[in-house]
Amino acid sequence: MLQQTPVTRVIPHLEAWLTRWPTPADLAAVPPGEAVRAWATLGYPRRALWLHAAAVEITENHGGIVPQDVGVLLTLTGIGDYTARAVAAFAYGHRHPVVDTNTRRVIARCVAGQAEPAPPSRTRDLAAMNALLPADVRAAAVFNAGAMELGALVCTSARPRCADCPLAALCAWRAAGYPEYQGQKKTVQKKFAGSDRQVRGLILAELRSTRHPVTDAEIATLWPDPAQLGRALSGLLSDGLAVRVAAGSYSLPHE
DNA sequence: GAACCGTGGTG
DNA sequence: TCACCAAGGTT
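Numbering (full-length UniProt numbering), first residue to last: 1 to 255.
Now the structure itself:
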């Protein structure tokens with residue numbers, strides 16, 4: 001849920017989710033469409049599908065227990081390098097560098113003296129964090145969490161609160177006089193309004209809103225451009241977020 | 001490596 | 001008003 005999504009927006013959904021499905025087996029026992037429905041408007045609904053798939057994998061292949069090993073976690077659907085390490089470090093207390101967008105920014109500023117991190121690079125980012133990580137297992141877990149928390153609450157992307165920062169005295173960016181970012185530009189995020197993403201979201205919201213099949217005629221009312229509707233619908237079908245239940249009618253995945 | 005994938009808060 | 005961005009992952 002936290003992938004590319006602010007913590008404050010996740011928390012209520014997480015609590016409701018864990019009340020309904022306390023264990024991987026509980027989630028694995030319901031159709032994937034139920035996960036997509038409960039995901040509501042958290043965004044990136046493929047994550048709901050992937051989380052359900054991971055719950056099935058954990059239930060069938062790992063005795064219903066979330067794996068501890070980073071290499072095993074990486075085999076689960078929707079678990080990438082960040083999430084695998086975060087689970088191993090935060091849930092199980094293992095010593096691994098955990099690097100998210102907040103940590104990257106803290107290292108860029110405090111250590112490298114730059115206003116923004118370079119675009120993410122698994123090798124570089126892990127090496128940089130590894131060089132900072134305490135040797136002690138529990139201290140390493142605290143350090144991972146502390147770096148993320150500092151980036152999320154103090155060393156923020158816009159308007160960092162340097163006056164409140166416990167690392168201000170040793171911050172290389174501050175010492176250098178807050179130079180502007182010189183490095184590679186990050187790829188600009190496309191506009192959402194009018195995009196295929198928005199149309200996908202409209203169709204999926206319609207599918208979530210009812211337990212009856214949604215027809216082509218109903219879908220046609222959601223957006224004026226038929227070509228965009230077609231692209232969005234076929235994308236949802238190929239992603240498994242929607243299934244065709246009869247000619248010209250669709251629902252959330254139910255198997 | 002780059003495009004793609006949602007939604008909402010913020011300044 | 002709108003660009004920016006948020007505990008990334010997959011193809």
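Yeah, the Cβ is synthetic: ideal placement off N, Cα and C, and Gly gets one too. Predicted, not measured: the structure shown is a model, and the values here were computed from it.
Can you tell me whether residue i is helix, strand or coil according to DSSP?
i             : result
tyrosine 250  : strand
valine 98     : coil
valine 154    : coil
threonine 59  : helix
arginine 85   : helix
arginine 161  : coil
leucine 202   : helix
glutamine 228 : helix
threonine 19  : helix
proline 32    : helix
alanine 112   : coil
Check the C-beta distance from residue i over to residue j and give it rounded, since I have them as a contact under 8 Å.
i            : j            : result
residue 261  : valine 98    : In the structure as shown, the chain begins at 1 and stops at 255. Residue 261 is therefore absent and cannot be evaluated.
valine 151   : arginine 105 : According to the sequence provided, residue 151 is glycine. The question's valine does not apply to it. Correct: roughly 5 Å between the Cβ atoms.
alanine 140  : arginine 208 : The pair is not a contact, with the Cβ atoms about 41 Å apart (cut-off 8 Å).
alanine 40   : histidine 13 : 7 Å
arginine 47  : glutamine 3  : 6 Å
alanine 55   : alanine 28   : 4 Å
arginine 244 : leucine 237  : 7 Å
Between which residues of its own chain and residue i is the CB-CB distance below 7 Å, once the five residues before and five after are set aside?
i             : result
proline 32    : Leu49, His52 and Pro253
glutamine 198 : Phe192
Grab me the residues of residue i's own chain with a C-beta within less than 6 Å of its C-beta, minus the 5 sequence neighbours each way, in chain order.
i              : result
valine 154     : Arg161, Asp164 and Cys165
isoleucine 107 : Ala128
tyrosine 82    : Asp100
Between residue i and the rest of its own chain, which residues show a CB-CB distance below 8 Å, the 5 nearest in sequence each way excluded?
i              : result
proline 235    : One point to set straight first is that residue 235 is glycine, not proline, in the sequence displayed. Cβ within range, chain order: Asp196 and Arg200.
arginine 124   : Ala118
glutamate 206  : Val214, Glu218, Ile219 and Leu222
asparagine 102 : Ala147, Met148, Glu149, Leu150, Gly151, Ala152 and Cys155
residue 343    : An answer regarding residue 343 cannot be provided, because it is not within the stretch 1 to 255 covered by the chain.
alanine 246    : Pro213
In the DSSP assignment, what are the bridge partners of residue i?
i            : result
valine 214   : Tyr250
arginine 244 : Tyr250
query: Is it a yes or a no for the segment 141 to 154 touching the segment 75 to 91, going by three-plus beta-carbon pairs under 8 Å?
result: yes
- prompt: Counting Cβ pairs closer than 8 Å, one from the segment 111 to 119 and one from the segment 172 to 184, do we hit at least three?
  reply: yes
message: Under 8 Å: do the segment 208 to 220 and the segment 241 to 253 share three or more Cβ pairs, one atom per stretch?
response: Of all C-beta pairs linking the segment 208 to 220 to the segment 241 to 253, three or more are shorter than 8 Å, placing the two stretches in contact.
query: Is it true that the segment 55 to 65 meets the segment 19 to 36, where meeting means three or more beta-carbon pairs spaced less than 8 Å apart?
result: Yes, since at least three Cβ pairs between the segment 55 to 65 and the segment 19 to 36 fall closer than 8 Å, the two stretches touch.
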